[in-house]
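Below is one structure, written out as structure tokens; comments come after it.
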Amino acid sequence: MLKQLEEEPENARYNYQAARMFLGRNDFSNALKYFEKTAKINPSYKLVFSEIAKIYLGMNDKNRAVEYFKKSMKHNPENPSPANNLAVVYMSIGKFEQAKKILEGQLKKHPNNQALRYNYEKCLENLKE
């Protein structure tokens, strides 16, 4: 796979696969490098910005995670996963109103999505406290 990447360094799929390989080895630095290259080549490739956000979450950099989940939402507007993940990060830092707004918007588009519903209920519970 790295040989293919060497031959086609601007191939989004090969960069993404390399990033996943490094992620599997817990080599976050190289995973980040290849995910960022993938995003540069093709910002809409899979959920590449969400992958970057998850690495930042793992590094406990929630501000960067928020930034990249927002980018993922922009590039994947029909996929509720990045928005759901962003809402969860917001809830983890006490920003329940922002989380609620995001989840309500997504539930209008995806009313049967269980993850959105679950997190919306959790958000409302926290707002009542």
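If you're matching positions, the sequence shown starts at 0 in numbering that gives the first Met the number 0 and goes up one per residue. The C-beta atom is built at its ideal place from N, Cα and C for all residues, glycine as well.
Tell me the DSSP secondary structure of Pro76 in three-state form. If you number the sequence shown from 1, residue 76 lands on position 77. Pro76: coil per DSSP, three-state reduction.
Hey, is Asn62 close to the ligand GTP, as in C-beta under 7 Å from one of its heavy atoms? Inclusion of the ligand GTP in the displayed structure is not the case, the ligand content being empty and no account of it being possible.
Within its chain, find whatever has a CB closer than 7 Å to the CB of Ala98; leave out the 5 residues flanking it on each side and keep chain order. Position 99 of the sequence shown, counting from 1, holds the residue named residue 98. The beta carbon of Ala98 is closer than 7 Å to those of Ala86, Tyr89, Met90 and Cys122 in its chain, skipping five residues each way along the sequence.
What does the alpha-carbon distance come out to for the pair Thr37 and Gly23? On the sequence shown, position 38 is the one that residue 37 refers to. On the sequence shown, position 24 is the one that residue 23 refers to. Take the alpha-carbon of Thr37 and the one of Gly23: they are about 17 Å apart.
Given this structure, state the Cα-to-Cα distance separating Tyr117 from Glu103, to the nearest angstrom. Stepping through the sequence shown from its first residue, residue 117 is reached at position 118. Stepping through the sequence shown from its first residue, residue 103 is reached at position 104. Cα atoms of Tyr117 and Glu103: separation of roughly 12 Å, rounded to the nearest angstrom.
State the CB to CB distance for the pair Phe48 and Lys70, rounded to an integer number of angstroms; the pair is presumed to be in contact (CB under 8 Å). As a working mapping, residue 48 is identified with position 49 in the sequence shown. As a working mapping, residue 70 is identified with position 71 in the sequence shown. Indeed they touch by this definition, with Cβ atoms about 4 Å apart.
Once you ignore the five residues that flank Lys39 on each side, which residues in its own chain have a CB closer than 8 Å to its CB? Here residue 39 refers to the residue found at position 40 when the sequence shown is read from its first residue. When the five nearest sequence neighbours on each side are left out, no beta carbon in the same chain lies closer than 8 Å to the beta carbon of Lys39.
Could you name the residues of the same chain whose beta carbon sits closer than 8 Å to that of Tyr13, not counting the 5 residues immediately before and after it, in chain order? Residue 13 sits at position 14 when you count from the first residue of the sequence shown. Contacts found: Met0, Gln3, Leu4 and Glu7.
Among Pro42, Glu50, Glu9 and Tyr55, which residue has its Cα nearest to the Cα of Met20? As a working note, residue 20 is residue 21 in the sequence shown. Distance check between Met20 and each of Pro42, Glu50, Glu9 and Tyr55 places Glu50 closest, using alpha-carbon atoms only.
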